[in-house]
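Here is the structure we will look at, set down as structure tokens.
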Amino acid sequence: MNDQQLTRTALLWQLLSVVIVTLPHISHLPYWITLVVILCIVWRLMVYLGRWSLPPKWLKTCLVLAAGVGVLASYKEGGGISVTVALLVVGFGLKVIELYHRRDSLIVLYVAYLVASTIFLFSQSVGTAIYVILAIIIVTSALMSTNLSRETGFIYPLKRSVLMLIPAFPLMVVLFIGMPRLGPLWEVGLDKSAAKTGLADTMTPGDITRLTRSAEVAFRVRFDGDVPDQTQLYWRSIVLSDFDGRGWLKDEEKVPKLPRNRDIKETGTFQYEVILESNQRNYIPVLDYLSAWPSELNAYADMTLASKTKIVNREQYKISSRLDRGFGLDKTADDFAKELHIPLGNNEAKRLASSWWQESATPQAFIDKMKQYYHQNFNYSLTPPPLGDDSISEFLFETKTGFCGHFASASAFLLRSVGIPARVVTGYQGGEWNPYENYFLVRQYDAHAWIEAWFPEQGWVRMDPTAWVAPDRVEKPADDVLSKDNAFLQDNLLSAWSISNNQILMQIRHRIEALNYGWHRWVLNYHHQQKGLLEHLLGALSPLKLALFLLVPFSLVISLTLLLLNYKKKRSANPSDNMINALSAYFAREDMARRTGETVTHYCDRLAQYKPEYAESFIRVSTLYEDIEYGQVCDAHRLTQLKQEIGYCLDVNKNLLVRLQWFLT
Amino acid sequence: MLSLLFKPIVELSERWAANRRPKGRLIELNQRSIFIFPTLAGWAYLAVCFVLYLVATNYQNNLIHAVSFLLIALGVLAIHYTFFNLSGLCISAVKAGHCHVGELAEFKLKIYANNLRNYENVFLCWRGERDGQRIYLDKTREKNLSLYVMAKKRGYLTPQVLKLETVFPFGLLRAWSWVELDLTAIVYPKPEEGRLPTSFDDSIDGRQGKENAGDDFSGLDEYRPGSSLRHIAWKQYAQGRGLLTKNYVGQESKEIWLSWREWPELSTEDRLSVMTYWALECEHHYREYGLHLPNLSIQPATGPEHLNNILGELALFKAEGSLQ
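Protein chains in written order, with the numbering used here: chain A, 36 to 700; chain B, -13 to 310.
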């Protein structure tokens, strides 16, 4: 049966499914693969139209070899799943040329299913999910079209596969909810080309401009219980204590780990759940200051939290922090050689610092002077002019324009010049509160840099020099403040449009965001919720309960489908047959039912003999029936006539009710 | 060796299947008679689902999990869809066409369904025959079709069991059913030219053209089925007097007897073949012919019904299973 030739409709469906599953991959595939696929489809179409002929075997072999070498050459660095996807796409693209038999199309379509699902390795938005569902519907239609023995209309396979797929969706939901998820079986990772923007381990003012332009989601946070004030939302991610004169680096030495504190629900703490998008790094943003964290994570003495491996998937962690106490109280000034180190250069800045220091009686007075200085002449901008070698001095005396990175860098430098230990902290600030689902959404443009200075009595104290210059940046969500700046969201016109002061638009946006949050929490991150949900639904879990939970709805849906399929059996397709059956059913009580195998003409003759006064009506019934069934004159008019004649026949017993019933049905 | 080992199992299952097989002239397929099993493509589909499940598990990707679950659900449903693409089909044996040895015997079937489902791509073939027919039933609800079997020897020809099979909708599963239709064709002996029968005093060719001229018209008779069309009185028919046949004097004496004893030099089969040949020739030339066989004789006459009678007797003469 497999060597059956493809019908023309089937061929078109194959080509359509190849196109639809390849489209979303175009952006990350080498461009020549797209060209190869297009070439193959065009070639096959030309064959279909009878213009070209199928390529000879040697040419096909050459193409396959060339494409294989091409893929390997394009991905020199091994690229994991991208190479696999590229190979699959090239493979089934080439197979398209020789689509001729059912067997060929099976290979193409099965690979199409695989390629369609790998779309989810690159994007997992609601839109992508809808697209993939459409793609699966189309591939399924193509699969069905190969199993039709005749030329049908183009839409016919689609119509029937949609009908057949509908009951599959509730089954999918049941499996999705109930099927236990296993952990990864072996190490996998997306390649670097798919890496997203995120915080870097170094900060040379200028880097964060790029981050600011991205509206990508960094993470979402849901608080259990109290929610801190917006000005307190400093999501600490990386601590940079090495300054090389131009940029800030992460401490090269190993920072000691924090002792574990498992009691998450300590009083006075904020409990929250961070749903972190893949950032291709280890850091996990937390509020100052960490108090408890999940056991699979490492917390460090600089109050940062990190995962043991790179975060390549969306992850979810329950963390608690307290905002009321500093840390590092047990240290002395001698412990901070690194936090006091200043390299050569930037002499003007050093001179400025020491002149202020001489005028100030306390460190606080020094800080006030710094604040004042910023207040007078400085501008907050996302497009600052470039800085030369003495970046701090240039910023403080010449350009006087910058964003958080510049201010943090300069302030930490000034503090260090007068002997106050200081370092830069990068992370995110604030977040957008979603009133519908009660969570904060933190985007990449919320990335921020601030400083920490150490004082003997207070320990590490957080200071945000940017807030001195642009207090709005801290008090309001970043999009409110930054949207006036042209550089903001340059890369993302759509988001820029959606960010507006318009109340209605804002509400719509929040609704969409809430939906998105639900999507992330309940679909993309379902494996974190599964146990809780199942326990909520079923009580204590046992394999038997789980099996029943899967089986009962599963069999329900299937039986419902079968009922629907069988329901059609109840009615006969033929209206004239139905009427004869009704006639027979009526006379059955007088023992004059139609016998099995008896022709309608014979039956009507028999009835005519039985009720001679109605003989003419019976004969007319049989004539009309013959006309309708065999004379190919089955029109509505004749059916009405037949109905009327049978109506007369049913009148044999002068029962008005029977006639009324007949004409009403 | 291996086949010897499996022989009892095969025989047992064969007998089991044969018992379940529906028999008769009108058969409706139901769960008792339908078998279903994944095709090679179905196993491959299962492999695709498994690969997706692995990818989903390894990348902790719930959406790929969802796709693999969707495909698994579709596969499970496909079992039912495939089953329902056979279940409810009615096969009715209409007629077996008769033929000569070496020709294809035609078996006419009617396929219909008493429900509103569409049946797509159902393949019908006799067991052992490679060629079959694909049918679909949509709104027409009824399909007449002919299946052919090569007639290898004369006598009754009962075809092997009929196989109905479908892989619709997705080719993942094959549902099939064996039915034994109560349909028998009669295979006539293969016509072979031979010596003229002795009662054939004149060559047929020689008599052509003189038929009407030589014989004297003796009157009109009422038309009997089987009478030669040449003898129909068309003029009288046109006058509205009904179908009449012209009678000619002298025809009775020209009647031909195809007798078993005529060709003693030939074997049984060859004799039957020659008799078949001459029966066909006589019918072709509107000569009345009768049949003498050791166990019976048929009075001379012409016409398709008469020919069928005679050919039937020739076919079944000492044939296997002729006692049926």
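Every residue gets a Cβ at the ideal spot worked out from N, C-alpha and C, and that includes glycine.
Classify A/Ala429: buried if its beta carbon has 16 or more other beta carbons within 10 angstroms, exposed otherwise. The sequence given here places Glu at residue 429 of chain A; Ala does not occur at that position. It is buried - the Cβ of A/Glu429 has at least 16 other Cβ atoms within 10 Å.
Output needed in chain order: residues of the stretch 202 to 221 of chain A with a Cβ under 9 angstroms from some Cβ in chain B. Pro202, Ala203, Phe204, Pro205, Leu206, Met207, Val208, Val209, Leu210, Phe211, Met214, Arg216, Leu217, Gly218, Pro219, Leu220, Trp221
Given a threshold of 16 other Cβ atoms within 10 Å of its Cβ, counted over all protein chains shown, does B/Thr152 qualify as buried or as exposed? buried
Looking at chain A, is there any beta carbon in it that lies within less than 9 angstroms of the beta carbon of B/His270? no
Taking three-plus beta-carbon pairs below 8 angstroms as touching, is the stretch 293 to 307 of chain B in contact with the stretch 254 to 271 of chain B? yes
What's the gap between the Cα of A/Ser117 and the Cα of A/Ala102? 15 angstroms
What are the residues of the stretch 189 to 200 of chain A that lie near chain B, defined by any Cβ-Cβ distance shorter than 8 angstroms? Arg195, Ser196, Met199, Leu200
Just checking: is the beta-carbon of B/Gly236 within a distance shorter than 9 angstroms of some beta-carbon in chain A? A caution first: B/Gly236 carries a pLDDT of 49, below 50, which makes its placement in the model too unreliable to give a value.
Which ranges would you report for the alpha helix (DSSP H) in the stretch 49 to 101 of chain A if only whole runs of at least 4 residues count? 66 to 83
Nearest to A/Ser446 (by Cα), restricted to the options A/Gln493, A/Ala482, A/Leu375, A/Gly553: A/Leu375
Give the single residue among A/Met338, A/Ala336, A/Ser452, A/Gln407 whose Cα lies nearest to the Cα of A/Asn381. A/Ser452
Coarse secondary structure for B/Pro24, derived from DSSP in three states: strand
Rounded straight-line distance, which links the Cα of A/Gly115 to that of A/Lys227: For A/Lys227, the predicted model reports a pLDDT of 40, less than 50, meaning its position is unreliable and no value from the coordinates is stated.
Check whether the stretch 56 to 70 of chain B touches the stretch 24 to 38 of chain B, counting contact only when three or more Cβ pairs, one atom from each stretch, lie closer than 8 angstroms. yes
Could you tell me whether the Cβ atoms of A/Lys285 and A/Leu293 are closer together than 9 angstroms? no
If you reduce the DSSP assignment to three classes, tell me which class B/Met136 lands in. strand
Under the assumption that A/Val504 contacts A/Ile486 (Cβ atoms under 8 angstroms), give the Cβ distance between them as a whole number of angstroms. A/Val504 to A/Ile486, Cβ: 13 angstroms. No contact.
With a floor of 3 residues, list each beta strand (DSSP E) that falls wholly inside the stretch 22 to 62 of chain B, ordered by position along the chain. none
Short CB-CB distance (under 9 angstroms) between A/Phe13 and chain B: Because chain A in this structure spans residues 36 to 700, residue 13 of chain A falls outside the shown range and cannot be described.
Against chain A, with Cβ distances strictly below 9 angstroms, would B/Glu115 count as a contact? no
Counting only beta-carbon atoms, is B/His66 nearer than 9 angstroms to chain A? yes
Can you confirm whether the stretch 186 to 201 of chain A touches the stretch 69 to 79 of chain A when touching is taken to mean that 3 or more C-beta pairs between the two stretches lie within less than 8 angstroms? no
What is the DSSP secondary structure of A/Cys333, counted as helix, strand or coil? Looking at the sequence itself, residue 333 of chain A is Asn, so the reference to Cys does not match. In the structure shown, A/Asn333 sits in a strand (DSSP, three-state: E or B).
By the three-class DSSP mapping on this structure, what secondary structure does A/Gly567 have? helix
Between A/Lys678, A/Trp557, A/Leu642, A/Ile55, which lies nearest to A/Pro610 when the distance is taken from Cα to Cα? A/Lys678
Who does A/Thr461 pair with in a DSSP beta bridge? A/Ile273, A/Ala484
I'd like to know whether the C-beta of A/Arg497 is nearer than 9 angstroms to at least one C-beta of chain B. no
Burial state of A/Thr367, where buried means 16 or more other Cβ atoms lie within 10 Å: exposed
Tell me, please, whether the CB atom of B/Pro155 is closer than 9 angstroms to any CB atom in chain A? yes
B/Ala99 bridges to which residues according to DSSP? B/Leu75
Can you find the residues in the same chain that come closer than 6 angstroms, C-beta to C-beta, to B/Ser(-11), ignoring five residues on each side of it along the sequence? none
Three-state secondary structure assigned by DSSP to A/Arg216: coil
Residue-level contact to chain A via CB, B/Ile50, 9 angstroms cutoff: yes
Kindly indicate which three-state DSSP category A/Ile377 falls into: helix, strand or coil? coil
With DSSP as the reference, label A/Ala505 as helix, strand or coil. coil
Name the chain B residues whose beta carbon is nearer than 7 angstroms to that of A/Gln351? Those within 7 angstroms of A/Gln351 in chain B number zero; the least Cβ separation is about 11 angstroms.
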